[in-house]
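S.K.: Attaching a single structure in structure tokens format; questions to follow.
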Amino acid sequence: MSAVLVRGEEWSKIPDDLYIPPDALEVILEEFAGPLDLLLYLIRRDNIDVLDIPMAEVTRQYMTYVEIMKAVKLELAADYLVMAAVLAEIKSRMLLPRPASADVEEADPRAELVRRLLEYERYQAACEDLEARPRVGRELFLPEIPMEARNLERPAPKVTLDDLLGALRAVMQREDAFAHHRIMREPLSVRERMTRILEQVRSDGFTEFSMLFQVGEGKRGVVVTFLAILELVRESLVTLIQNEPFAPIHVKAAA
Amino acid sequence: MSEIRIRDIVQAALLVAGEPLTLERLGSLFAEEAQPARSELMGALEEIRAACADGPLELQCIDKAYRLQTRAEYAPWLNRLFAERPARYSRAVLETLAIIAYRQPTTRGEIEAIRGVAVSSDIIKTLISREWIRQVGTKEVPGRPALYGTTRAFLENFNLTSLGDLPPLSELKTMPGQTADATEPVDQAAEFEATASEAAESEAAESEAHESETSRSEAPP
Amino acid sequence: MSEIRIRDIVQAALLVAGEPLTLERLGSLFAEEAQPARSELMGALEEIRAACADGPLELQCIDKAYRLQTRAEYAPWLNRLFAERPARYSRAVLETLAIIAYRQPTTRGEIEAIRGVAVSSDIIKTLISREWIRQVGTKEVPGRPALYGTTRAFLENFNLTSLGDLPPLSELKTMPGQTADATEPVDQAAEFEATASEAAESEAAESEAHESETSRSEAPP
Numbered sequence: 042m043s044a045v046l047v048r049g050e051e052w053s054k055i056p057d058d059l060y061i062p063p064d065a066l067e068v069i070l071e072e073f074a075g076p077l078d079l080l081l082y083l084i085r086r087d088n089i090d091v092l093d094i095p096m097a098e099v100t101r102q103y104m105t106y107v108e109i110m111k112a113v114k115l116e117l118a119a120d121y122l123v124m125a126a127v128l129a130e131i132k133s134r135m136l137l138p139r140p141a142s143a144d145v146e147e148a149d150p151r152a153e154l155v156r157r158l159l160e161y162e163r164y165q166a167a168c169e170d171l172e173a174r175p176r177v178g179r180e181l182f183l184p185e186i187p188m189e190a191r192n193l194e195r196p197a198p199k200v201t202l203d204d205l206l207g208a209l210r211a212v213m214q215r216e217d218a219f220a221h222h223r224i225m226r227e228p229l230s231v232r233e234r235m236t237r238i239l240e241q242v243r244s245d246g247f248t249e250f251s252m253l254f255q256v257g258e259g260k261r262g263v264v265v266t267f268l269a270i271l272e273l274v275r276e277s278l279v280t281l282i283q284n285e286p287f288a289p290i291h292v293k294a295a296a
Numbered sequence: 208m209s210e211i212r213i214r215d216i217v218q219a220a221l222l223v224a225g226e227p228l229t230l231e232r233l234g235s236l237f238a239e240e241a242q243p244a245r246s247e248l249m250g251a252l253e254e255i256r257a258a259c260a261d262g263p264l265e266l267q268c269i270d271k272a273y274r275l276q277t278r279a280e281y282a283p284w285l286n287r288l289f290a291e292r293p294a295r296y297s298r299a300v301l302e303t304l305a306i307i308a309y310r311q312p313t314t315r316g317e318i319e320a321i322r323g324v325a326v327s328s329d330i331i332k333t334l335i336s337r338e339w340i341r342q343v344g345t346k347e348v349p350g351r352p353a354l355y356g357t358t359r360a361f362l363e364n365f366n367l368t369s370l371g372d373l374p375p376l377s378e379l380k381t382m383p384g385q386t387a388d389a390t391e392p393v394d395q396a397a398e399f400e401a402t403a404s405e406a407a408e409s410e411a412a413e414s415e416a417h418e419s420e421t422s423r424s425e426a427p428p
Numbered sequence: 208m209s210e211i212r213i214r215d216i217v218q219a220a221l222l223v224a225g226e227p228l229t230l231e232r233l234g235s236l237f238a239e240e241a242q243p244a245r246s247e248l249m250g251a252l253e254e255i256r257a258a259c260a261d262g263p264l265e266l267q268c269i270d271k272a273y274r275l276q277t278r279a280e281y282a283p284w285l286n287r288l289f290a291e292r293p294a295r296y297s298r299a300v301l302e303t304l305a306i307i308a309y310r311q312p313t314t315r316g317e318i319e320a321i322r323g324v325a326v327s328s329d330i331i332k333t334l335i336s337r338e339w340i341r342q343v344g345t346k347e348v349p350g351r352p353a354l355y356g357t358t359r360a361f362l363e364n365f366n367l368t369s370l371g372d373l374p375p376l377s378e379l380k381t382m383p384g385q386t387a388d389a390t391e392p393v394d395q396a397a398e399f400e401a402t403a404s405e406a407a408e409s410e411a412a413e414s415e416a417h418e419s420e421t422s423r424s425e426a427p428p
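Chains as they are written, first to last, in the working numbering: chain A, 42 to 296; chain B, 208 to 428; chain C, 208 to 428.
Okay, here's the thing in structure tokens:
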């Protein structure tokens, strides 16, 4: 902080006729958030109605503070000087006699400044609300509990039926692959049954043909199983053996 | 050890997660065949909220995700736990943040117009590196300035259930004789407030049950 | 909110500290004039231990420092919380699986012929380790290649009662985004369809009563 500096030589340069409340310097040094902030401070400090600002007085005070800020070598943003010019301009317009038939809108040279001050004041209030909220790390703390027996295994990918069918569609789109290979000739239930039968039969022993059929499945099951066996035979995946006519038929996985 | 209940699992997850958890994320803790219904998860959260009432934690909802946090009353003790002082931010930084929160998406130019002072890149950088704001787009005007908005981390850090949770901007006083067709910025602000309260409403509809509790726990002590 | 007790403060500290806390450190949370005795802190820890018994946390003492941690029983659920995003299967894996589903029992060679590219053993291994396919036999041709078929786990994963639940190829062909150019492939699909529906019709008439039984028994045990 440059407080010491302030009480040093710079302080003595400030004109004697300036009224500086004891707390003001501190406020200045805390750095105003901008010229509007400074103006609002002056207005509030003197209990001025923001809708009826005495321009001459406020401008004088504003300039005083700007001088002090210059004096203590605060980094003075150009915006403060722009505001000083605005204030001076409004002040001079206030001095001019108003035309008798004044347009209501044109009536008050302070209107635009007041609008900006009011607008800014709202956000200042919002800023204070925000600042007052309990904040994580300041008022609020979050639990940070270690987990016992942590074990990171990458989960298996999820695949949906749509993913699967999409992949198949891609295969089918490869026109010539499809043309040359007879994919999926049989109903899928037959294909599925072929897999099941292959799981049941062994190559080192015989499975009785009739064992492959399940009574509870009804005719539909019989048809599917029979088609599956025929297809397996056609693809040379199983062998059918019958020692003599009407003897039991045996099924054996191709050796 | 008694049987493990859904609420125990949810509670354990909230304690170890290190970030707010959505209902979806909580549901994903369970095997597919044991997946609890949404209502069961909500019920578990309610039980946890009630069970917390007597202790140092409270349940808070941030943007449809839930977290447990210590009550603000514990700050005096807990601050002694950490050597590091919480960061302080200048008025300029917080004002800029407030304006972005209420007027988003907004540009640096608009913030400067309200604050009446240049907004340094340092301020914007500070807010971005804190992950409280981010660039959400570009305004289609000459110079194509960046549009900024607040982030989820902003809601988390400031303990906001949603943007609608921010108190509304105070009424704008008008000068006598000034017409109400105020200027553009004011209109925009009003528009934002409408949006914010709409959001708050839809949020409220989703979790009426929490409404009173939530607002209580949100109020700083 | 009731009065804040020593044990609440100790518990809050243990929850948020992120590291084990010694008795000294716990004592340092309190202002000098409100410093609890060592025995009071120990009492608070005992109370916390007892209160935890019913929940997901347990108090652990590591080298004279205390911490709360989740019980090991919760690992199965909590691991899912931190689980990395599941990996994704490559197109090759999905295509291979689809071909095996529709064309089983089939060999790697046949899949390669259809896909027009080599099928690596990794793909087959992936599908076997996922238990979606398995070897169901050996084809009696030179090289004696393995025959693959889908499993019950495959049906379960895709929520199918039987393979017959998979949509027929003709439907696939006419799905949105597909050009319905009536070339040979379509004809083949149609041919397949005809076969399938003929079979279905003749059966349906005879054994409606068995319908449910049939589909159930079609799933391998």
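C-beta atoms are modelled at their ideal positions from N, C-alpha and C, and glycine is treated no differently.
Are the beta-carbon atoms of B:Y273 and B:P227 separated by less than 8 angstroms?
M.R.: Result yes, Cβ atoms of B:Y273 and B:P227 sit closer than 8 angstroms.
S.K.: With 8 angstroms as the threshold, decide whether the Cβ of A:S133 is near any Cβ in chain C.
M.R.: No, no contact with chain C.
S.K.: Could you tell me whether the Cβ of B:Q311 comes closer than 8 angstroms to any Cβ of chain A?
M.R.: No, no contact with chain A.
S.K.: Less than 8 angstroms between the C-beta atoms of C:T303 and C:I318, yes or no?
M.R.: Contact: yes.
S.K.: Quick one: Cα of A:L206 to Cα of A:T280, how far?
M.R.: So the alpha carbons of these two residues sit roughly 34 angstroms apart.
S.K.: When you compare the CB of A:P150 with every CB in chain C, is at least one pair closer than 8 angstroms?
M.R.: No - not a single Cβ of chain C is within 8 angstroms of the one on A:P150.
S.K.: In whole angstroms, what separates the C-alpha of A:M252 from that of A:A295?
M.R.: Each residue's Cα considered, the two are about 18 angstroms apart.
S.K.: Check C:R274 in the structure and name its three-state DSSP category.
M.R.: Residue state, collapsed to three classes: strand.
S.K.: Looking at C-alpha atoms only, which residue of B:A220, B:G356, B:L301 and B:I306 is the closest neighbour of B:A320?
M.R.: It is B:I306 whose Cα lies nearest to the Cα of B:A320.
S.K.: Give the residues of chain B in contact with C:F237, contact being defined as C-beta atoms less than 9 angstroms apart.
M.R.: Those are W284 and R287, listed as they occur along chain B.
S.K.: Establish whether the CB of A:M110 and some CB of chain B are separated by less than 8 angstroms.
M.R.: No, A:M110 does not count as interfacial toward chain B.
S.K.: Report yes if the C-beta distance between C:V223 and A:P184 is below 8 angstroms; otherwise report no.
M.R.: Yes, the Cβ-Cβ distance between C:V223 and A:P184 is below 8 angstroms.
S.K.: Given a cut-off of 8 angstroms on the beta-carbon distance, is the pair A:M235 and A:A269 in contact?
M.R.: Yes, the Cβ-Cβ distance between A:M235 and A:A269 is below 8 angstroms.
S.K.: So that I know if they touch, is there some Cβ in chain C lying closer than 8 angstroms to that of A:E302?
M.R.: The requested residue 302 of chain A is not part of the displayed model; chain A covers only 42 to 296.
S.K.: Check whether the region 149 to 169 of chain A and the region 294 to 303 of chain B are in contact - that is, three or more C-beta pairs closer than 8 angstroms.
M.R.: Because the criterion of three Cβ pairs below 8 angstroms is met, the region 149 to 169 of chain A and the region 294 to 303 of chain B touch.
S.K.: Just confirm the distance between the C-beta atoms of B:L285 and B:T277, as a whole number of angstroms; I'd bet it's less than 8 angstroms.
M.R.: Confirmed, Cβ separation roughly 6 angstroms.
S.K.: Going by CA-CA distance only, name the one from C:A279, C:E239, C:P375 and C:G344 that's closest to A:L239.
M.R.: Answer by Cα proximity: C:G344.
S.K.: Check the DSSP bridge columns for C:L354 and list the partner residues they point to.
M.R.: Its beta-bridge partners are C:T314 and C:G344.
S.K.: Measuring straight from C-alpha to C-alpha, what distance separates C:E239 and A:V123?
M.R.: Rounded to the nearest angstrom, the two C-alpha atoms are 53 angstroms apart.
S.K.: What first and last residue would you give for the alpha helix (DSSP H) that runs through A:V155?
M.R.: First-last of the alpha helix (DSSP H) with A:V155: A152 to A173.
S.K.: What are the partner residues of A:T280, as DSSP defines its beta bridges?
M.R.: The partner list for A:T280 (beta bridge, DSSP) reads A:K293.
S.K.: Output the distance between the C-alpha atoms of C:S369 and C:L362, rounded to the nearest integer angstrom.
M.R.: When rounded, the distance between both Cα atoms is 7 angstroms.
S.K.: Of all the CB atoms in chain C, is at least one closer than 8 angstroms to the CB of A:V212?
M.R.: Yes, contact with chain C.
S.K.: Just reading off the beta strand (DSSP E) that B:I269 is part of, what are its end residues?
M.R.: Its beta strand (DSSP E) spans residues L264 to I269.
S.K.: Is it the case that the Cβ atoms of B:P352 and B:T314 are separated by a distance below 8 angstroms?
M.R.: Cβ atoms of B:P352 and B:T314: closer than 8 angstroms.
S.K.: Could you name the residues of the same chain whose beta carbon sits closer than 7 angstroms to that of C:G316, not counting the 5 residues immediately before and after it, in chain order?
M.R.: Closer than 7 angstroms at the Cβ level, and outside the excluded window around C:G316, lie P352.
S.K.: Do we get a CB-CB distance below 8 angstroms when we pair B:E317 with the residues of chain A?
M.R.: Taking Cβ atoms only, chain A never reaches closer than 8 angstroms to B:E317, which makes this a no.
S.K.: Ignore the nearest five residues each way along the sequence and tell me which others in B:L233's own chain have a CB closer than 6 angstroms to its CB.
M.R.: Excluding residues within five positions, the ones whose Cβ falls inside 6 angstroms are V217 and L248.
S.K.: Flag A:Y82 as yes if its beta-carbon sits less than 8 angstroms from any beta-carbon of chain B, otherwise no.
M.R.: By this cut-off, A:Y82 is not an interface position.
S.K.: Per DSSP, A:V177 forms a beta bridge with which residues?
M.R.: In the DSSP output, where bridge partners are listed per residue, A:V177 has A:L181.
S.K.: So, at 7 angstroms on beta carbons, what are the nonlocal neighbours of B:L236 in its own chain, with the 5 sequence-adjacent residues on each side left out?
M.R.: Answer for B:L236: I216 and A220, listed in chain order.
S.K.: Please state whether DSSP places B:L429 in a helix, a strand or coil.
M.R.: In the structure displayed, chain B extends from 208 to 428; residue 429 of chain B sits before or after that span and is not available.
S.K.: Using CA coordinates, which residue listed in B:A257, B:R292 and B:F289 is at the minimum distance from B:L275?
M.R.: Considering only alpha carbons, the answer is B:A257.
S.K.: Can you tell which of C:T357, C:E231, C:T229 and C:E280 has the C-alpha that lies nearest to the C-alpha of C:S336?
M.R.: Out of C:T357, C:E231, C:T229 and C:E280, C:T357 has the C-alpha closest to the C-alpha of C:S336.
S.K.: Applying the criterion that 16 or more other CB atoms from any shown protein chain within 10 Å of the CB defines a buried residue, is A:L138 buried or exposed?
M.R.: Leu is not the amino acid found at residue 138 of chain A; the sequence shown has Pro there. By the neighbour-count rule (16 or more Cβ atoms within 10 Å), A:P138 is not buried but exposed.
S.K.: Could you work out which residue in A:F267, A:V231 and A:V200 is closest to C:A294 when comparing CA atoms only?
M.R.: It is A:V200 whose Cα lies nearest to the Cα of C:A294.
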